[in-house]
Amino acid sequence: MAKVGGLADVVGALPKYQIQLNHIAKVVMPMHKTTFLLSNEWDVEFKGSILMQHQHINYTIIKEKYNSLGFDLYCVDILGLLDRETVYGYDDDNFRYIAFQMAVVDWMSQWQHQPDVVHVHDYHAGLIPFFMRYGKAYAHLSSIKTVLTVHNAQYQGWMDWNFANYFPSFDQWKSGMLEWNNQINPLASAIKCADKVTTVSPSYMQELMYQANGLENLFQYEKGKCSGIINGIDYEIWNPETDKRLTHHFNIDTVAQGKLRNKQFLCETFGFDIQLPLIIFIGRLVGEKAADLLPDAIHQSFERYYNQFNVLVLGNGNPAVEYALSSIRERWYGYYHSQITYNETLSHQMYAGADFLLMPSRVEPCGLNQLYAMRYGTIPMVRRTGGLNDTVLDIGDGGYGICFNQASVLDIVYSIGRAIELFKHQETISNIRQKMMTINNSWNKSAAEYIELYYSIYR
Ligand code: ADP
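Going by my numbering, the first residue of the sequence shown is number 936, and it counts up by one from there.
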């Protein structure tokens, strides 16, 4: 329906797997004006209105008619506010997300059967546990259990106290449950109010106790209700044997030939020599992904290992990084290319056709790219942090990846050297691919862990 990063992969997959475990899972999200919206049919489920200070705001809940994603998908439509093409990044985001959350709680308060658990994701839904627990009109929701999953603690949705005027009337004695550092902090509020808090990997939860963009003490204080559950991957979508976005399919038995054909497609498209190892980067071009290091690291690696490897970058984000990644194209023409855009189809083709995937992330709550890469027989080169630490083991330790410690140009260049060397030993590469492709990173396991977590608070 809409995707910026890994949160979309999780919310799109987890409910499907929960339903397979015989539970009822429904998803509610803002109605963005996306291709999915326009190319599917929708029923109007509910019409209501919320009062934001003195302004009545009408909302409509629509439901996707044919359950095409494998679960009930509801979208909140608020004219002029949520129905935009880009998910976030607008000046009025605070107001937009308050309205979205108020509409969700208002609608839910009128359901005949209340849910057992409401599971919110990141700060954009972080005020919901507070509204449910302390909203004067929602006393009947106050005993419903809530779970927060933190996909990214860098972004917290900070807002000035004036914004509280828009909130539904609440018990003023409880305003401390909204606050962190003299501001309203929706992520902190959800950590305080939710019955359980999870992050998308155990290592990331450990890291947040010491590095959480100002929330370290809160995570430490609340650690009794915090745990990490690693994300799975949606095998219905991410399967090299059936992936609709690939023209050349393969499985564990045909991986060598299958990857070669996908690599050939990439090499023809971007003018690379197929004999050389192909290293890719896919992701948001932001500091957390250490994307700012890429131009220098790529440049220095080519100076050191000229003629020995190719690099293909797919991503968008910080304009300065976008510019730097584009401007080195001419210098390393024939060996390097960057696509500064978001392109889901190309990303699948890259996971399938590449030899190595580079992820030098400074912060990586879970990371899905490395899981997709391994599923498609592409060797991950990752910095040991967060979920990367939990999912990739270095070949030197009997594993299947290239791991390094620092998000630095030096470590990236060194790892590229290791990749080039490894590529000379095709038998080892073939063994590593076999190993990676048999790892079970499916959602089945993680979905069951979430259900266990719900039971621990519901019963
Ligand atoms: P994050 O959520 O921090 O962005 P994750 O690794 O959890 O990182 O998820 C990233 C997801 O977004 C993956 O599915 C990846 O393939 C996809 N992705 C990121 N940038 C792009 C892009 N420019 N084009 C296509 N897919 C992208």
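Heads up, the beta-carbon is just placed ideally off N, CA and C, and yes, glycines get one too.
Small disclaimer: the values here were computed from a predicted structure and weren't measured.
Item: How about Arg-1219: is its Cβ closer than 7 Å to a heavy atom in ligand 1?; Value: yes
Item: Taking the continuous beta strand (DSSP E) assigned at Cys-1010, which residues delimit it?; Value: 1007-1012
Item: Suppose the cutoff is 8 Å on Cβ atoms and the five residues either side in sequence are ignored; what does the same chain contact list for Asp-1231 look like?; Value: Val-1344
Item: From Tyr-1277 to Tyr-1023, what does the alpha carbon distance come to, in whole angstroms?; Value: 15 Å
Item: What is the residue span of the beta strand (DSSP E) that Glu-999 lies within?; Value: 990-999
Item: How do the region 1048-1065 and the region 1025-1036 stand: do at least 3 beta-carbon pairs fall below 8 Å, yes or no?; Value: yes
Item: What are the start and end residues of each continuous alpha helix (DSSP H) run of 4 or more residues lying completely inside the region 1136-1216, in chain order?; Value: 1137-1143, 1151-1156 and 1190-1205
Item: List the DSSP bridge partners of Asn-1251.; Value: Arg-1219
Item: Return the chain-ordered list of same chain residues with a C-beta closer than 7 Å to the C-beta of Leu-1004, the five sequence neighbours on each side being excluded.; Value: Gly-947
Item: For Thr-1401, name the three-state secondary structure that DSSP assigns.; Value: Past the boundaries of the shown model lies residue 1401; the chain is included only from 936 to 1394, so the question cannot be answered.
Item: Just checking Gly-1250 against ligand 1 - is the residue's beta carbon closer than 7 Å to any of the ligand's heavy atoms?; Value: yes
Item: What does Val-1317 pair with, by DSSP beta-bridge criteria?; Value: Met-1294 and Cys-1338
Item: Looking at the unbroken alpha helix (DSSP H) that takes in Asp-978, where does it start and where does it end?; Value: It is not in any alpha helix (DSSP H) - Asp-978 instead sits in the beta strand (DSSP E) that spans 977-987.
Item: Short check: CB of Gly-1333 to CB of Gly-1302, under 8 Å?; Value: no
Item: What does the alpha-carbon distance come out to for the pair Gly-1252 and Arg-1219?; Value: 6 Å
Item: Is Leu-1292 near ligand 1 - that is, is its Cβ less than 7 Å away from at least one heavy atom of it?; Value: no
Item: I'd like to confirm something about Ser-1282: is its beta-carbon nearer than 7 Å to some heavy atom of ligand 2, or not?; Value: Ligand 2 is not among the ligands present in this structure, which contains only ligand 1.
Item: Does the Cβ of Gln-1036 have 16 or more other Cβ atoms within 10 Å, making it buried, or fewer, making it exposed?; Value: buried
Item: Hey, would you say the C-beta of Glu-1151 is under 7 Å away from at least one heavy atom of ligand 1?; Value: no
Item: Name the DSSP beta bridge partners of Ser-1377, please?; Value: Ile-1168
Item: What whole-angstrom Cβ distance do Gly-1222 and Asn-1376 have, given they're in contact under 8 Å?; Value: Their Cβ separation, rounded to whole angstroms, is 27 Å, which puts Gly-1222 and Asn-1376 out of contact at 8 Å.
Item: By Cβ distance below 6 Å, which residues in the same chain neighbour Trp-965 in space, the five residues on each side in sequence not counted?; Value: Looking at the sequence shown, residue 965 is not Trp but Pro. These residues qualify, in order along the chain: Val-1011, Leu-1017 and Phe-1035.
Item: For the beta strand (DSSP E) holding Tyr-1286, just list the boundary residues, first then last.; Value: First-last for Tyr-1286: 1279-1288, but that is the alpha helix (DSSP H), not the beta strand (DSSP E).
Item: Measure the C-alpha to C-alpha separation of Val-1052 and Leu-1201 and round it to an integer number of angstroms.; Value: 45 Å
Item: Output yes or no for whether 8 Å exceeds the beta carbon distance between Gly-1336 and Asp-1329.; Value: yes
Item: Assign Gly-1092 to one of three DSSP states: helix, strand, or coil.; Value: coil
Item: Which of helix, strand or coil does DSSP assign to Ile-1119?; Value: strand
Item: Beta-carbon separation of Phe-1006 and Ala-1074 under 8 Å?; Value: no
Item: I need the DSSP call for Gln-1274, collapsed to helix, strand or coil.; Value: strand
Item: Going straight from the alpha carbon of Glu-976 to that of Glu-999, what length do you get?; Value: 6 Å
Item: Which residue from Tyr-1001, Ser-984, Ile-1063 and Arg-1196 puts its Cα closest to that of Thr-995?; Value: Ser-984
Item: Tell me whether Cys-1301 counts as near ligand 1, meaning its Cβ is closer than 7 Å to at least one heavy atom of that ligand.; Value: yes
Item: Between which two residues does the alpha helix (DSSP H) harbouring His-1234 extend?; Value: 1229-1239
Item: For Thr-970, write down the residues that DSSP places opposite it in a beta bridge.; Value: In the DSSP output, where bridge partners are listed per residue, Thr-970 has none listed.
Item: Should Lys-1198 go down as buried or exposed, given a rule of 16 or more other Cβ atoms within 10 Å for buried?; Value: buried
Item: In its own chain, which residues sit with a C-beta less than 8 Å from the C-beta of Lys-982, not counting the 5 before and 5 after it?; Value: Asn-993, Tyr-994, Thr-995 and Ile-996
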